[in-house]
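Here is the structure we will look at, set down as structure tokens.
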Amino acid sequence: MSGLTPGVKRHTLFRGRTWPYHLALTATAIVIAFPLLYAALIATQTNTEIFSFQFTPGSALASNFDAVWNGRDFAGAMWNSTVQTFLVTIGKTVLSLLAGLAFVYFKFRGKWIVFFLVLVTLMMPTEVMILAMFRLVSGFGWQDTMAAIVVPFLASATGAFLFRQHFANLPSELLEASQIDGASPVQFLTKVLIPLSWNVIAALFVIQFVYTWNMFLWPSLIIRDETKQVSQVALQTLTNIDGALTYGPLMLAAIIASIPPAIVFLLMQKPFMSGFAIGQQK
Amino acid sequence: MLILGLVVAAILGPLYVWRNNDDPSAMRYGIGSAVAVAGAAVTPLAMGRCAFLEGTSGVDHLLAYGLMAGGAWLALIALQLLFDRADGTESDSAGMTGEIRTGGFRLGWWVPWLLLSPTLIILIVFLYLPAIQTFTLSTKLTKLGAPKSVDVCFSNFTELLITDPWKLVAYPLLAIAAIYGARFWLSRSAPGTWSRKGADIATVFAMLSVFVALYAMFSPGGGGQVAYRPVYLNTVIITIGIVAFGMIGGLAVAYLAFRTIRGGSVYRTLLIWPYAISPAVAGVLFFMIFDPTAGIFTYVMDTWFGIDVPNYRENAFLAQASIILASGWKILGYNILFYLAGLQTVSLDQVEAALIDGASTWQRFMKIVLPALSPITFFLLVTNLTYAFFEVYATIDFMTKGAPAGKTSVAIYEIIRVGVNNGDLGRGAAQSVLLFAAVIAVTIWQFQTSGRRVSYGGS
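Those protein sequence lines, which keep their order, are chains E and S. Numbering-wise, the numbering used here comes out as the position in the first sequence, counting from 1, plus 1. Numbering-wise, the numbering used here comes out as the position in the second sequence, counting from 1, plus 1086.
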């Protein structure tokens, strides 16, 4: 991240000793991590241990895990989330690539109307029309189906514009060269554009993965069958086990439900950042 | 009364044409007038002139006039686009859509449409259609799952507002006057003078007056009206709380992290990871911390400081503060991420110059760093606002469920409570339209302030 500017010069911005900063940063990192660390502690304890405010790892990690994973079939919810997230993320990327291709490499009548139609959706969040959407999708008979939590989210103005912008910044000679080779639009996309777009694809992948995995309101409305539910909403059922509030399993499930987006985000941090840098230039 | 509105539209149409065209022809004035009348007439006619029938109130008329003005305005904007195309002065649409200048595929006309069709079909079926249905639903009384519905015109809206039409007109006009007044003062005052300081303060108060005017326009309840004022107030408090906490905290941490040389990327990872945490999980984690019987917060306050903290779900202030804290914590990582990237672009030469001039750390921050970051700050302001409007739902659902006495029931939470839990689709849709209006207002403000931008928020 400091590749562009030499570290020495960057340092002149803040002269003086560095250890107070390291100390302050470490403290900040601990404060930010505290809710998760505390949840991890609770996840190992029984209710008795929690109420006695024991600040060492408890004895119930295995039994809490069993209650969550098998007792409440949280494994099923995690699987549903995984299927939903991959379908949405992949579908969105493909549709956005196709839309970007059409916007940049084709001239056609009515393009500006289509462009405007897509642009306006940037100010139409699903949440403000959620009641009508609930009625509409229920009318399709899609309640308790995977289609209900995948299909409405397959198109993305953000994605289409991200690729449009990226393609527009690529040299136009690319197209001429492949036209001489007689490449079709799909060949041009897969052989030329996609290999040049991995950073943007990765950035979009991370954003969409985290967004889709963390979706809560829509699945909580349209999915009422517990076996079809996604992980974020399934957490709700864990607030009550055997008629009482058991904190340990709930915290454990919250941590488990956070692992996939956290892994994707941490592994893809670098391409994510550079993809953003591309998106920011204009 | 309807005719009166149409006459006004017929006069204002040509005025719009006159303002936006150089020396327009008589025919264009005529077209402008006709288009304005048509635009104004569409909604009242589609609704069967219901707002002007016997037994309707001044507030009904007012809402109908508002819709007529909106319809006329949209129609005139569309007309102006056509005029510009005819004159050849349209803004370059190829540049807008990012099309390459040379070449392009020369295949059948249907090829680009085929490529765009999946995106278009989904946007139309799952965004445009429900958006339109939200508007039609908002004029009906209909129960969830029931096939029957009754047209109720604007009553789902009028019951959210105060009943005096004159006040309903006066409050927003006063707020608009305050904004224009402050702008005028600002344009007349030279930088660095007392007058400029006064104008700056007036600008802040003018902005606040918008919030106050809206507060005064919503009904406090009673007399068959819905008490929407508290919902509005909760939404404002919680939204501003989350955005302020998330952004000030994010900038402070990013500024701190930016200083370190070694271990920079490790710190960055340790600071931004909550980006991947969901609003629901944030709710669960803080639900645990603040739990009145098992949570560490109550325990520590009691045993270490001897403070008996009330149950946060029964105390309005604590409930709102805990929602703000949980949501602010979750959005913090996102803000740190962008501020760290933004700090890379701060001009070092300027900072060095300021160092030589003997500027203090605080002065350097205020005079150089903060202005350099303003594009990022603006981008984050919009994404944080969207987050605080919508994503906060899951956090509230896990922590307080709107308690105590609806003090943490923000607009989106209220929409679900009314529309789904009470099954009152029409009333819920009317509240959705209000939230939609808020989103559109933020977007227009964003476009006006910064030109076109790409949003990276979500969908």
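Positions of the beta carbon are idealized from the N, C-alpha and C atoms, including for glycine. These numbers come from a predicted model, not from an experiment.
- Pairing GLY1157 of chain S with GLN1532 of chain S, the inter-Cα distance amounts to about 22 Å.
- By the CB criterion at 8 Å, LEU1153 of chain S and GLY1125 of chain S fall outside the cutoff.
- A direct Cα-Cα distance of roughly 22 Å separates VAL1121 of chain S from LEU118 of chain E.
- Excluding its 5 nearest sequence neighbours in each direction, LEU155 of chain E has C-beta neighbours in its own chain below 7 Å: VAL89, GLY92, LYS93, LEU96, listed in chain order.
- Taking C-beta atoms as the reference points, MET269 of chain E and VAL207 of chain E count as a pair closer than 8 Å.
- Here ALA103 of chain E is buried: its Cβ has 16 or more other Cβ atoms, across all protein chains shown, within 10 Å.
- Between VAL1525 of chain S and VAL121 of chain E, the gap from beta carbon to beta carbon reaches 8 Å or more.
- For VAL1236 of chain S, DSSP records a beta bridge to S:LEU1227.
- The continuous alpha helix (DSSP H) containing MET79 of chain E extends over residues 75-106.
- For THR1384 of chain S, the CB contacts under 6 Å within the same chain, skipping 5 residues up- and downstream, are PRO1378, VAL1395 in chain order.
- Fully contained in the segment 1508-1541 of chain S is no beta strand (DSSP E) run of length 3 or more.
- Relative to the Cα of MET1333 of chain S, the nearest Cα in the group S:LEU1521, S:ALA1155, S:THR1469, S:ASN1107 belongs to S:THR1469.
- Rounded to the nearest whole angstrom, the CA to CA distance from LEU236 of chain E to GLY1488 of chain S is 18 Å.
- Ranked by Cα distance from GLY1381 of chain S, the first of E:LEU37, E:PHE52, E:THR47, E:TRP20 is E:PHE52.
- Here the alpha carbon of SER1413 of chain S sits roughly 20 Å from the alpha carbon of PRO1316 of chain S.
- Between LEU171 of chain E and LYS108 of chain E, the alpha-carbon positions lie close to 17 Å from each other.
- Taking a Cβ-Cβ threshold of 9 Å, the residues of chain S close to SER259 of chain E are ALA1362, ILE1363, SER1364, VAL1367, in chain order.
- If you keep only unbroken beta strand (DSSP E) runs of at least 3 residues inside the segment 1448-1500 of chain S, you get nothing at all.
- The beta carbon of THR1142 of chain S does not come within 8 Å of any beta carbon belonging to chain E, so the residue lies off that interface.
- Look at the segment 1307-1335 of chain S: it has no residue with a C-beta under 9 Å from a C-beta of chain E.
- The Cβ of PHE206 of chain E sits no closer than 8 Å to any Cβ of chain S.
- Contact of PHE1522 of chain S with chain E by beta-carbon distance below 7 Å involves VAL129.
- Within 9 Å of the CB of THR1355 of chain S, the CB atoms of chain E belong to LEU267, GLN270, in sequence order along the chain.
- At a cut-off of 8 Å, the C-beta of ARG136 of chain E has a neighbouring C-beta in chain S.
- Taking 8 Å as the threshold, the shortest C-beta distance from MET274 of chain E to chain S falls below it.
- In the structure shown, LEU1139 of chain S falls within a coil segment according to DSSP collapsed to helix, strand and coil.
- A distance of 8 Å or more separates the beta carbons of SER1305 of chain S and ALA1516 of chain S.
- By the neighbour-count definition (other C-beta atoms within 10 Å, threshold 16), GLN1534 of chain S is an exposed residue.
- Comparing alpha-carbon positions, the option among E:ALA76, E:SER64, E:LEU99 lying closest to GLN188 of chain E turns out to be E:LEU99.
- At least 8 Å separates the beta-carbon of ALA1261 of chain S from that of GLY1369 of chain S.
- Put simply, the segment 1290-1305 of chain S touches the segment 1249-1267 of chain S. At least three CB pairs are less than 8 Å apart.
- In the DSSP assignment, LEU1371 of chain S falls within the alpha helix (DSSP H) that extends over 1365-1376.
- As computed with DSSP, GLN1311 of chain S is found in a beta bridge with S:GLY1308.
- THR1220 of chain S belongs to the set of residues whose beta carbon lies under 8 Å from a beta carbon in chain E.
- Close partners of ILE51 of chain E in chain S (Cβ separation under 8 Å): ALA1380.
- Residue burial is scored here from C-beta neighbours: GLY1512 of chain S has at least 16 other C-beta atoms within 10 angstroms and is therefore classed as buried.
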